[in-house]
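Below you'll find the structure, written out as structure tokens, and then a few comments.
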Amino acid sequence: MRAFRAQARTEVLMTLRNGEALLLALGIPVLLLVFFSTVEVLPTPAEVVEPVDFLAPGILALAIMSTGLTSLAIATGFQRGYGVLKRLGTTPLSRPGLLAAKIASVLAVELVQVAVLVPVAVALGWRPSGAVGAALGAVLLGTVAFSGLGLLMAGALKPELTLALANGLYLVLLLLGGMVVPLTSLPGPLRAVAQALPAAALSDALRASIGIGTAVPTRAWIVLALWALATPLAAARTFRWE
Amino acid sequence: MAALVVDQLVVRYGQLTAVDRISLAAEAGTVLALLGPNGAGKTTTVESLEGYRRPTAGTVRVLGLDPVSDRAKVVPRIGVMLQRGGVYPTMPAGSVLRLFASYYADPLPPDHLLDRLDLGRVAGTPWRRLSGGEQQRLSLALALVGRPEVAFLDEPSAGMDPAARRVLWEVIRELRDDGVAVLLTTHDLDEAERLADHVVIIDGGRVVAEGSPAVLARSGGGAEIRFGGPTGLDMAAIGRAVGGAVVEERPGEYLVAAPATPANLARLTTWLAEQDVAVADIRAGRQRLEDVFLRLTGQPSAAEADRAPRSERRGRRRRGRGPGGTA
């Protein structure tokens, strides 16, 4: 337990002290939220009055993705490249222990992100609605799905390739994830692809639960659950520690 | 019960046989040095003991346990120093050591260990800004912080300056005196000679010789005298005086092919005295571990590698298997 706590604390501190990780976790989401809420250049769906009402849940989904997918993939990829994971293999910190510490660290960073982003969104005029339970469920599923995807890359590819791919994927999922650009603005075939991805499912779920205040679409739950099941399994099967 | 046992270990990577029926053992409170040229199978053997590799055949036991299937029971009782890296580059030395200390039930106080290894000054310095020798000492600290019963040190003195090396040697002797079994791989034969209770020389994945440093040094027989002096001595003249062929093996290092008898030594020293030659050293009969290693593996150790041209090394390779080989 002491080992788990110390490891989780180390993982959190390394993320929060790392300039690039901090930019990804907080800088970019805050920037996007403030910019597109105040400069009305993006299309917003007809039922949305203020841009921030559309953006806030999407940006929260982006924040979850940046931590679960991009930050975790890059950090773990380099730990593997530097031989840190190999070195830990002969300490009493077990592999499940290391994984638990990483999950705890991702959740802790997400808490920090929510604590920063929600007040900013509220200051911009966002009025969140009440379905917090559904939102938490979606965030947990999304975190598992993205973390699995991040570990899948980190455990199989060279760290430099993981870095490039994680950043590339971040951009693609940002654009196709219904986070700043509504899915309804995408051309039909692209929209179909986007709807099958975990990013759009998470932003849809958050927008329904704490944005508009309606039931989360069943399709979003199914997509999130499938990704949350598939990516950790794939990562567990392919992860190489050295 | 021996603290570590390797019995007929075979490790294959695809077609390549990295380790071919190696056996060795070490008791608690002893230092075992594993020597061999690069690619001999040293690291593969050590990593099998550490649980990183599954043997293709044969068995390895650490404290009586299988390091792969009993991993959870083995790791709290061993300390591992890897050859390179293994540390978060941006993390300060002191933080890394405290983190590793938290993995163990009863760790050594990290600050004491930092001071002992002369790392107190750099406790706040990130790993990547440490010098090579400081990184090695921190790696050693990480291996020792959990009070291991078995310590695996893979080339611990690489990149250390002489002062750091002396600290390392003191620490290894203290470990041995505390009853720790130490498995050491090294390129530094002087280090092996000073520290090891038992030396195993491997080459091409097999044991080619083993024994205490003193026994190994005697194993070459006594039919030669070596001395060091100025370069360019008149070897023909020395040969006539002593009664055996003389070669200058390396600049300033001479080998006289004559039995190391008192009479031959007297003839040699008389000639040297007449010529007023400044002698660096004379070794009769007993070889240094360096000489044994060279003869058995056909490879100069790291210290010599810079001097010997590659073609020469290759030419000497595999000349004769030494005594004590189990292959």
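For the protein sequence lines, the chains are A and B, in the order given. Using the working numbering, the letters of the first sequence map in sequence onto residues 1 to 242. Using the working numbering, the letters of the second sequence map in sequence onto residues 1001 to 1327. All C-beta atoms, glycine included, are put in the ideal place defined by N, C-alpha and C.
Proximity of residue i and residue j at Cβ, strictly below 7 Å
i, j, result
"Glu1191 (chain B)", "Val1200 (chain B)", "no"
"Thr231 (chain A)", "Leu152 (chain A)", "yes"
"Ile74 (chain A)", "Leu32 (chain A)", "no"
"Gly1243 (chain B)", "Val1279 (chain B)", "no"
"Leu1113 (chain B)", "Ala1141 (chain B)", "yes"
"Ala291 (chain A)", "Leu186 (chain A)", "Outside the displayed span of chain A (1 to 242) sits residue 291 (chain A), for which this structure offers no information."
"Val84 (chain A)", "Tyr1088 (chain B)", "yes"
"Gly125 (chain A)", "Glu40 (chain A)", "no"
"Leu1004 (chain B)", "Ala1026 (chain B)", "yes"
"Thr67 (chain A)", "Val106 (chain A)", "yes"
"Leu202 (chain A)", "Gly142 (chain A)", "yes"
"Ala235 (chain A)", "Gly148 (chain A)", "yes"
"Leu1153 (chain B)", "Arg1137 (chain B)", "no"
"Val1010 (chain B)", "Ser1023 (chain B)", "no"
"Ala220 (chain A)", "Ala196 (chain A)", "no"
"Gly956 (chain B)", "Ala1158 (chain B)", "Any property of residue 956 (chain B) remains undetermined from this structure, which presents chain B solely from 1001 to 1327."
"Leu1284 (chain B)", "Ile1225 (chain B)", "This sequence places Ala at residue 1284 (chain B); Leu is not what is there. Yes, the Cβ-Cβ distance between Ala1284 (chain B) and Ile1225 (chain B) is below 7 Å."
Environment of residue i [buried if 16+ CB atoms lie within 10 Å]
i, result
"Glu1050 (chain B)", "buried"
"Tyr1103 (chain B)", "buried"
"Val238 (chain A)", "Correcting the residue identity first, residue 238 (chain A) is Thr in this sequence and not Val. By the 10 Å Cβ count, Thr238 (chain A) comes out exposed."
"Leu117 (chain A)", "buried"
"Arg87 (chain A)", "buried"
"Ala135 (chain A)", "buried"
"Ala1303 (chain B)", "Confidence at Ala1303 (chain B) is low in this model, with a pLDDT of 44, below 50, so the placement of that residue should be treated as unreliable; the coordinate-derived value is given next. Answer is exposed; the Cβ neighbour count stays below 16."
"Val1207 (chain B)", "buried"
"Arg1179 (chain B)", "One point to set straight first is that residue 1179 (chain B) is Gly, not Arg, in the sequence displayed. With fewer than 16 Cβ atoms within 10 Å of its Cβ, Gly1179 (chain B) is classed as exposed."
"Ala1093 (chain B)", "buried"
"Arg5 (chain A)", "exposed"
"Ile1238 (chain B)", "buried"
"Ile222 (chain A)", "exposed"
"Thr218 (chain A)", "exposed"
"Lys102 (chain A)", "buried"
"Thr91 (chain A)", "buried"
"Gly1086 (chain B)", "buried"
"Val1019 (chain B)", "buried"
"Thr1261 (chain B)", "exposed"
"Phe36 (chain A)", "buried"
"Arg1053 (chain B)", "buried"
"Val132 (chain A)", "exposed"
"Val172 (chain A)", "exposed"
"Glu1047 (chain B)", "buried"
"Ser1212 (chain B)", "exposed"
Listed by chain order, chain A residues near residue i by CB distance under 9 Å
i, result
"Glu1050 (chain B)", "Gly89 and Thr90"
"Pro1076 (chain B)", "Thr91 and Pro92"
"Ala1284 (chain B)", "By Cβ distance, chain A contributes nothing, its closest Cβ being about 45 Å from Ala1284 (chain B), past 9 Å."
"Ala1072 (chain B)", "Pro92 and Ser94"
Residue i at chain A interface by Cβ criterion, 7 Å
i, result
"Pro1109 (chain B)", "no"
"Gly1086 (chain B)", "yes"
"Leu1082 (chain B)", "yes"
"Leu1099 (chain B)", "yes"
"Ser1131 (chain B)", "no"
"Tyr1103 (chain B)", "yes"
Cutoff 7 Å: residue i Cβ touching any chain B Cβ
i, result
"Asp104 (chain A)", "Reading the sequence as shown, one finds Ala at residue 104 (chain A) and not Asp. By this cut-off, Ala104 (chain A) is not an interface position."
"Leu93 (chain A)", "yes"
"Val84 (chain A)", "yes"
"Thr10 (chain A)", "yes"
"Arg2 (chain A)", "yes"
"Ala6 (chain A)", "yes"
Partner residues on chain A for residue i, Cβ-Cβ distance less than 8 Å
i, result
"Ala1018 (chain B)", "By Cβ distance, chain A contributes nothing, its closest Cβ being about 15 Å from Ala1018 (chain B), past 8 Å."
Any non-hydrogen atom of the ligand SAH closer than 6 Å to residue i Cβ
i, result
"Ser129 (chain A)", "Of ligands this structure carries none, so the ligand SAH is not represented either."
7 Å Cβ cut-off: residues of chain A touching residue i
i, result
"Pro1089 (chain B)", "Tyr82"
Proximal residues of chain B, C-beta to C-beta of residue i below 9 Å
i, result
"Met179 (chain A)", "Correct list: empty, because the minimum Cβ distance to chain B is about 30 Å."
Proximal residues of chain B, C-beta to C-beta of residue i below 8 Å
i, result
"Met14 (chain A)", "Tyr1088, Thr1090 and Met1091"
**OP:** Anything in the segment 135-153 of chain A with a Cβ closer than 7 Å to a Cβ of chain B? List those residues in chain order, please.
**Re:** none
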